[in-house]
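Numbering (this note's numbering), first residue to last: 60 to 303. Report on the structure given below.
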């Protein structure tokens with residue numbers, strides 16, 4: 060199972076959630092969002108002096124920054140048609156001045172112990188100022204936003220997000236539905252799999268003869284008339300187009 064998804068991976072994930080919907084949940088404080096920092100940065104506490112951050116860790120993005128990103132993403136979606144003929148643009152970068160450290164911060168904060176308990180996500184959170192070592196603003200793009208699976212699962216439990224069924228869940232559901240299939244419908248499904256599923260579109264010899272399909276269906280209890288109609292129904296459109 061994936062531990063997390065990037066913002067623009069949400070639509071292809073196991074959750075029924077678009078990237079814009081995920082971003083809105085994050086901007087309204089219901090879904091924590093992070094960026095992974097892989098370069099050294101400076102974290103500064105107010106009135107506590109300079110604290111040097113580690114070089115590989117996760118930082119949580121404040122809701123105020125997420126609302127700014129949400130506004131930009133929505134404006135991009137609205138102007139997508141107008142910009143469709145333009146060349147690829149470089150990724151938009153957003154400056155970040157404040158950040159939160161919570162339970163997913165996996166690096167060490169050297170120097171004096173920080174006076175806050177970070178063992179629980181944002182309990183009375185205190186923001187830290189963030190900058191690059193040259194004191195320029197830390198920047199990131201929306202595509203770097205990360206949403207953790209356990210946070211998405213929490214929204215599923217709250218009923219705010221739906222999860223797509225897994226393949227095994229879908230198979231069990233299909234098997235249960237098959238118990239309710241009319242016998243003729245089940246026979247047609249099996250006949251398609253038996254005769255047409257592996258047929259080669261470029262080789263007519265791999266395609267079944269209608270008489271063979273009819274005979275098999277009659278053997279499954281279908282009448283001559285129903286079997287003849289069924290053999291026609293399950294024939295793929297591409298085979299009809301070729302006159303096979």
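Here a beta-carbon is modelled for each residue, glycine too, at the ideal position from N, C-alpha and C. Source: prediction; values computed, not measured.
- DSSP lists 95 as the bridge partner or partners of residue 117.
- Remark: C-beta atoms of residue 219 and residue 89 approach each other more closely than 8 Å.
- Around the beta carbon of residue 274, fewer than 16 other beta carbons sit within 10 angstroms, so the residue counts as exposed.
- Its chain contains no residue whose beta carbon lies nearer than 7 Å to that of residue 193 once the 5 sequence neighbours on both sides are disregarded.
- For residue 204, there is no enclosing alpha helix (DSSP H), as DSSP gives it neither H nor E.
- At the C-beta level, residue 93 and residue 118 come within 8 Å of one another.
- In terms of CA proximity to residue 164, 116 leads the group 66, 116, 73.
- Sequence-distant Cβ neighbours of residue 201 in its own chain, meaning closer than 7 Å and more than five residues away, are 66, 128, 132, 151.
- Judged by DSSP secondary structure, residue 254 falls outside any beta strand (DSSP E) and instead within the alpha helix (DSSP H) spanning 242-254.
- For residue 294, there is no enclosing beta strand (DSSP E), since its DSSP letter is neither H nor E.
- Of the candidates 263, 287, 155, 80, the residue whose Cα lies closest to the Cα of residue 302 is 263.
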